[in-house]
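See structure below.
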Amino acid sequence: MNKNKILIFSLAVLLQFSCNKTLDPKVYSSLTSTNAFVTKSDAMAGVNSVYARLKGPAVGDNFDYWTVRHFALTDLTTDLGHCSYGGDPGQLSLAVWNSSNGLLAEDWRQIYKLIANANNAILNISPMTSITDAEKKQFLAEIKFLRSVAYMDLTDAWGPVILVTEAEVANPNYTSQPKPAPVADIEALLIKDLTDAAGVLPVNYVNNPIYTSNDYGRATKGAALTLLSKLYMRRHDWQKAADVAKQVMDMNVYSLYPSYLGLFTEANKWCSENIFSVLSDANLNGTELLNHFGPLNHPVVLDRWQYYAVTWDFWNSYNNADDRKKCYYPNYTGVDNLLYKQAPSIGAIPPAGVSYMQDVATKKYADSTGSTTYYDGHSVDILRYADVLLSRAEALNEISGPTQEAIDLINQVKNRSHAVALTLAGFTQATLRDAILQERGWEFFYEGKRRADLIRMGKYDVIVNAYLTRIGQPATISMPKNKYFPYPQAQVNLNPNLDNSGR
Amino acid sequence: MKKNNFLLVFLLLLLFDCTATPATSQNSITGTVTNENDVPLSKATVAIKGTKKSTTTDDRGHFEFAGSAGKAILVVSFVGYETQSVMVQPGQTDITIKLKLLAEQLSDVVVIGYGTARKKDLTGSISSIKSDNMNLGGTTSNIAQAIQGRAAGVRVQQTDFSPGGAISIIIRGGNSINTTNEPLYVVDGFISDNGKFISPNDIEDIQVLKDASATAIYGARGGNGVVLITTKKGKAGKMQIDADASNGLQYLGYKPGLLTGQQYADIQNATALEDGRSPVFPSSFPITNTNWWGATTQQASVLNRGISFSGNDKTSKLYLSGNYIKQDGVLKNTNMERYSIRMGAEKRLNERVKVGGNFYGASTNNHLQRYVADITAPLFSILTAAPCIPIYNADGSYYRYLGKDNALAGVLEPTNISTNRLVNGNIFIDYDIIKDLTYHFSAGSEFAQSTAGQYIPKTLTAGAANGGIAQEQMSTSFRWLVENYLTYKHNFGTAHSITAVVGTSNQKDVFDNLAAGSSGFSTDVFLFYNLYAGSNPTVQGATVPASSRVETKNTSYFGRFNYSYNDKLLATFTLRDDVSSRFGPNNRHGIFPSGALAYKFTDEKFIKNLHTFSNLKLRVGYGVTGNDRIGDYGFLSRFSAYGTSLGNNFYAGIEPASLSNPDLKWEKTIQTDMGLDMGFLKGKLNVTVDVYKKKTTDLLLAVPVGQWWGFATQTVNVGSMQNQGIELSVNSDNYKTGNFSWSTFFNIAYNKQKLLSLADNVSRISANTANPSGTVSGKEFTRLEPGRELGILFGYQYAGVIKTGETYTPEAGSKPGDPKYVDVNGDGKITPDDATYLGNTNPHYTAGLGNDFKYKGFDLNIFFQGAFDYSLYNMNRLVLESTTSTDALNRFVAGKNENTDIPREGYFLSKYGSYVNSRFVEKASYVRLKAVSLGYNVPVNLIKQIKFIDALRVYVSGQNLATFTNYTGTDPEVNTHGSSNIGGGIDFNAFPSYKTFVFGLKLTLH
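Structure, rendered in structure tokens:
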């Protein structure tokens, strides 16, 4: 009797493990490798996440990479960008950065995030059997275009960087310390990927058989060619650059938007001038462009920070007739009833009721007709048609000096803004190069182009140092030291092969 | 058949008993043994010294030695009481002998994991805290507050003094870098994630299991120590109702010295002039004088109401209670309110079966502000609010300077409410299968729901821009836990006794989260209670609809073996196997053994001959425990949602969620403990000393990987930490007469923590501060490196300000009035390499000292508590100094005020160094008069006319009445980084500390 009882209760104790049948966890709210890439819809979601990383860091709060912070590297570090706040942006603005600058680290992180998503999507989509070959080709072409955008930006900023592709992600060794790949190797990959993509991607997505929703904003043939042209420009491969730019022009699908200010309103998300842009929706995945670019204490564009602004020195360089000079907030009466304006001279003390602004806010991502909410839905144009025109003009000038074709291309851009047109007479190759560089500044300020333009034309040190001198700061830029930024210190600590000597 | 035999014997015994009593004769020695309260003690042993005669008392405490008249010495002993010798004169009968309770009841039975043990038989290090010794009443609303300072080696830190604010318990130093260092809470045998937050008024006692010998039975959850909470079960004797009501007031403890409006405006204008800006407050600006601190804080009330019913008869125990606490905050628009009920019941169904259960339900409501260490905190707005601007416009609306909400609006207008509801219950059955063998089954479940809602009304700028912003988040957790075990107790002869326990435990947890928000309301009336009324279903800068579910499963097998030899040598061995869904497939099982030995020297001759010790026990223990709070799904390769806009649509996207690690497992702690329990002066003085050493390995670390992998880190078990320390606790009954008694208890603990290693490619882990000014990002604040401890402040050595005409070469280009930092590495310039060790922020010593006095009906308890040898970063002072505090009057002004350490315009503009510097590191050691209570028990004869009143007690008490410290900030205990192990102590926007005075009445009825 007792023996039986003991047996029963012992069994009760020992057999109780059956309550939890399996100790494999059940996953409810995320996908795992067994169910993530199964259908076409999954593959599309993989592609979408690569586009998504053009901005960040969160779906609903975007201030990384192309929505704001990338401009700290491309524009703040030049003669046109200015940040009156101290810290990391202030360092970049005064050209006194070092390897622990947080904004350098942020851009490095975010660009590689896009590359990682791209590699992951390529790795997972490539073996899929539930999609057609045409679909697979399309998806991989989009992804490789996006990855090229990222590597282009990465190599602009740091030159040789660690080249990671789907091959490395397939068998990751997270503790490895790879050597950075030479820029030429990375460019070879980009030329191949972009050329391939240009052969696969459609001109647009109207009535597209794979994507049925007529979307704009996805990678197109024109986008791949434009980026390829810009890559050839960087390589000083002028003939190829000019040819590919011409290819884009000959597609006859792009044209300049009639109004410069209209081009950048929040409402104008996409138009004939857009070749490739980052798109946002103020409510669903808004950016903080308006917060960072909007004017301080402005009575209409309320509660913005004037964080990324333009130097007075640069603003003053516009001709008054130029519409692009109106893309700024140079003077206004603030919510505090102070008159905000430019100081008559550096260091001047304002009279009562006046505040001298250290820099001037731009309307490019802060037009007064857009969102009044914290987040906004401005598009950022990574590639637009004016760049194609000016690129071809520049390439032509580099190939054969000033030509009427080049002058006409430049004047197309100028005329749109009612700026004073150029005439061929009197230009040498060198002076036209300078004019193009100047024009590109006026046209593409805060579009992520300035630093690359200055470096490509060999004028980074000359122009930025001249500006620093004019505002009474030490002329700190020297080449080739400043051609590339120092690698982020935390990455150097992890991988000593990232060598910052001479940077 | 058998039953009848029993009955027969029983009846015979009764008969014998009945017949024996009338046989009393004049030749006998007779008497009664009672306790101090004249309650008869049955089964007490009475012996006649020098003879072999011995008897035990009957049910009425009566004894008799027939035919033993004459002079004799009776020796009376009873478990738990002091043995007494009584001289009996010839012919003396009906002697009454009162036994005194042993000063320390070494015979106490205490709860240990999966069973109970006599306190004197413990082999592990356990601190016991009885409800009488807790910090109850007033603003005490949780277990941690109740035991702060009461147990050696149990560091309780209230990092946030807001009503219902954060409080941490860390036992013997934290083991972990990245997971929690909180102990496991077990309430009446049920493992509860909410054990810390139950009403402390229902607690009978708390056992804190500190060493591995005690905690290893909890395996992968025992690594941080275990807090075993036993709730009240009903007092012996008659039914009783206790009603307790108290009201109190809280007074602000911290008051910053603030500038007047004119002083502030003058400084702002002067700084602007120096910078070449126009006056901030031109002469046309109407200067007012607003005390924002005064406007946003208040004297606040706290009240407690409690009623409990307890009853107990031979076969059952019952306890029912209801408690209510409401604490308003000294910061406006903050409060905490909780209703709770508890039931505890036990019933012996027959000789073999006992059943019981516990039930607890509570609802807690909190009105919160955001006490975060960044510039979005209301406290930041208050401390930096310009005193020269008014609160209201002439029309009564809030005044806005530069279009920004003012500090009072920021405190009063937003709604931020969190509601926590908790229900848990468990049942058990004890079944005595045969003699010595018991089967225990228990099953319990817990449901906790936390709902937080926020509303920003249109009276605030953000609310106005968005038409009101509402959001709500709800998280629920559900747990079931089924445990059963067999206990076998047996004595082999008189010398050997064993207790063996084997059992299993199964647990499942489900966590659900749900969040939503909307904006664009026609009215502010709904707050967050009608999201659909908003025109925009998503929220700017806040919650979009979100939900998630996480599930955790555990299955465990455990066993314990106790052996006792001659009641002198004690040995304990435990083993647990934990299988958890959190552990990677390569490490699914965790095995946790422990062993301990103890030896009681008390009865050894060489000790007895010393005539010093009433108790002397040496304990040595060793064991392995773990920390399984490593998060769920960490080992899996997962993908999460990350979508984007394309065209006019938003598209879903998926991307890798993390870098997976199939080897992921628990953090492992190996602990050795040696302890000595000593009793002196017949048990009036008891001293316990423990020394321990813990080594934790397999620390869960986010090991940096190159960001080219798409992630900054991978979570890996790597790294090790060591804690060693010593603990002393002393309990002393100093004095005791009929009317007056005085007892003292004291504890002090020292813990030394040392990080032994991080990962191969990780030489340090830094934590940043949050943004302190709005113009700069967070800077490195703490740094964890091998050889150091958690929470080490790291920054620059401050060296004053640069004077006019001074050239400080390490800071080329700096201007007079700029902060000056020491070139620590001597390389001729100030770079991040000059950041250096500035101090530790976790106290190395903690202590508590209590004195309890009783005189007639009065009782007085005075309790001090303290923490020593640590620093805090006084970020408030940094912020205040350059904004609204009177320190700003002493800022550097070229040519006028150069003999100062306060820079011209703060620390944010210089490109050298950082605002994280030695100037704001302050020693924070403190001694606090934590609790004082004075009670008066109204004499029974005054109230005996009212028949149903048994007792009436009137009391006054105070909490945090005085704090002795050199620290100048809000409070030396706060830490707005409190939730982070590596965050380091910082006083930045912390809820202001306060003193509490309480008056109360306690009524006992029947």
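Residue numbers (this note's numbering), protein chains in the order written: chain A, 851 to 1353; chain B, 102 to 1107.
Yeah, the Cβ is synthetic: ideal placement off N, Cα and C, and Gly gets one too.
Residue burial classification, residue i (beta-carbon count within 10 angstroms, cutoff 16)
i         : result
A/Ile975  : buried
A/Ile1286 : buried
A/Lys1299 : buried
B/Val255  : buried
A/Asp1153 : buried
B/Ala486  : buried
A/Gln1156 : buried
B/Gly265  : buried
B/Tyr493  : exposed
B/Ser126  : Note that B/Ser126 scores a pLDDT of 46, beneath 50, so its modelled location is shaky and nothing firm can be said.
A/Gly1308 : exposed
A/Ser883  : exposed
B/Pro479  : buried
Interface partners of residue i on chain B, CB under 7 Å
i         : result
A/Ser1364 : Lying before the first or after the last residue shown, residue 1364 of chain A is absent from chain A, which here runs from 851 to 1353.
A/Gly896  : Ile755
A/Tyr901  : Thr745, Leu747
A/Arg1068 : Leu747
A/Tyr1215 : Correct list: empty, because the minimum Cβ distance to chain B is about 16 Å.
Three-way DSSP call (helix, strand, coil) for residue i in this model
i         : result
B/Ser986  : strand
B/Asp289  : coil
A/Val1094 : helix
A/Trp1162 : helix
B/Gln1108 : Chain B is shown from 102 up to 1107; residue 1108 of chain B falls before or after that span and cannot be answered.
B/Asp791  : strand
B/His1107 : coil
A/Ile1321 : coil
Within chain A, the residues that residue i reaches when beta carbons sit closer than 7 Å
i         : result
B/Thr808  : First, the amino acid is wrong: residue 808 of chain B is Gln here, not Thr. Correct list: Trp958, Arg959, Tyr962, Gln1341.
B/Arg689  : Leu873
B/Leu1010 : Gly936
B/Asn637  : Asn1133
B/Gln815  : Tyr1024
B/Phe1142 : Residue 1142 of chain B is absent from the structure shown; chain B starts at 102 and stops at 1107.
Partners in chain B for residue i, counting only beta-carbon separations shorter than 8 Å
i         : result
A/Tyr878  : Ser649, Arg650, Val651, Glu652
A/Ala1271 : Ordered by position in chain B, no residue passes the 8 Å Cβ test against A/Ala1271, which lies about 36 Å from the chain.
A/Pro875  : Glu652, Thr653, Lys654, Ser682, Arg683, Asp733, Tyr734, Leu737
Presumed contact (8 Å Cβ cut-off) between residue i and residue j, rounded CB distance
i         : j         : result
B/Lys201  : B/Ala245  : Not really, about 35 Å apart at Cβ, beyond 8 Å.
B/Thr1001 : B/Arg992  : 7 Å
B/Pro873  : B/Tyr1016 : 6 Å
B/Lys669  : B/Asp704  : 7 Å
beta-carbon residue i near the ligand FAD non-hydrogen atom, thresh 7 Å
i         : result
A/Thr1045 : Inclusion of the ligand FAD in the displayed structure is not the case, the ligand content being empty and no account of it being possible.
Under 9 Å by beta carbon: chain B residues contacting residue i
i         : result
A/Leu1318 : By Cβ distance, chain B contributes nothing, its closest Cβ being about 13 Å from A/Leu1318, past 9 Å.
A/Leu1152 : Gly504, Thr562, Ala566
Whole alpha helix (DSSP H) runs in the segment 492-564 of chain B with 4 or more residues, listed along the chain? The segment 492-564 of chain B contains these whole alpha helix (DSSP H) runs: 508-513.
List, from N- to C-terminal side, the alpha helix (DSSP H) runs of 4 residues or more that fit wholly inside the segment 369-450 of chain B. Qualifying alpha helix (DSSP H) stretches, in chain order: 393-397.
Please give me, in chain order, every unbroken run of the alpha helix (DSSP H) with length at least 4 that falls completely inside the segment 1019-1074 of chain A. Counting only runs of 4 or more, we get 1033-1050.
Enumerated in chain order, which unbroken segments of the beta strand (DSSP E) with a length of 3 residues or greater are wholly contained in the segment 789-875 of chain B? Contiguous beta strand (DSSP E) elements confined to the segment 789-875 of chain B occur at 801-805, 814-818, 821-837, 841-858, 866-869, taking only those with 3 or more residues.
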